[in-house]
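Numbering (our numbering), first residue to last: 71 to 397. A short worksheet on the structure shown next.
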């Protein structure tokens, strides 16, 4: 096997737009679950709203690219309010079911032909990149070294995404060190005790849901910057991949989502390159090339189960942060 090609195809995912987008969305999931104890299985819906809000505002209404990002964020706030008002008083398992359903409703609304004039239904949206690329301060050319060699557009997407991720991480760190963050973590550990202290638990949960949803929408924007917005990308498996990233890095950690996202995409890319080659070389005689490519999802699922069993706090997590409210 060509290990040089495998290595090159793997390490490029360290700073890929997908890796950055997953990290952003997972920081939002960390706010939901890691800090507030909200079992949200609908983060893909927030990402879809961010991406579609960005694309539709530019294509249909002529907004500048930066205003499109604000529209995507605003859409996630509205969705969080609609989702949170009837569901945040539910038990954790029922909340998980409700959020999965809500995210699927969002995806199907974007996929239906009813709003085809705005969403282009199942074909998705493209051609909204001009404004963002025109704001690129990097001169035309190819820069970098080895596998990290990109043109000015690819670097601009990555640099913008990394800067956005840095701002989100800093904001999360500051909030979780503040009195607001201590109340939110208190709700995660014992909701009744916080309520007994006179705090409005529902209000704090709603604020955490909105904040994490906004971070998810920013992940959706970065996810859409280099390519197109297609409803098939925001299926429930996207949320489960985000959960894998969260549990891998550490649920109640600041940098856990970043570490988890990088490791997740490195592992997925490595397996996508190695397993088919092993099948072609006859090392996996019971699998075809296509079957070997799909097997990476099975291996990632097994790895997730092992993480939950043997290291539930993740790589950077602390077991003391794993006491969650039972209600």
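Every residue, glycine too, gets a C-beta built ideally from N, C-alpha and C.
Annotation: residue 305 is outside any alpha helix (DSSP H) and is labelled neither H nor E by DSSP. Under the 10 Å beta carbon count, residue 138 is surrounded by 16 or more other beta carbons and is classified as buried. In this structure residue 367 is exposed. Its beta-carbon is surrounded by fewer than 16 other beta-carbon atoms within 10 angstroms.
When DSSP states are grouped into helix, strand and coil, residue 195 belongs to the strand group.
A contact is defined here as three or more CB-CB pairs under 8 Å, and the stretch 267-276 fails this definition with respect to the stretch 309-318. Look at the beta carbons and you see the stretch 102-117 touching the stretch 159-169: at least three pairs across the two are nearer than 8 Å. Collapsing the DSSP output to three states places residue 219 in a strand. For residue 97 and residue 291, the gap between their C-alpha atoms comes out near 15 Å. Less than 8 Å divides the Cβ of residue 301 from the Cβ of residue 192. Using a Cβ distance threshold of 8 Å, residue 362 and residue 348 count as a contacting pair. Along the stretch 258-314, the alpha helix (DSSP H) occurs as fully enclosed runs of 4 or more residues at 261-266, 271-294, listed in sequence order.
In the three-state reduction of the DSSP assignment, residue 214 falls in the strand class, which pools E and B. In the structure shown, residue 161 adopts coil according to DSSP, grouped into three states.
Taking a C-beta distance under 8 Å as the contact criterion, residue 142 and residue 124 qualify as a contact pair. In the DSSP assignment, residue 361 falls within the unbroken alpha helix (DSSP H) covering 359-380. By the CB criterion at 8 Å, residue 304 and residue 118 fall inside the cutoff.
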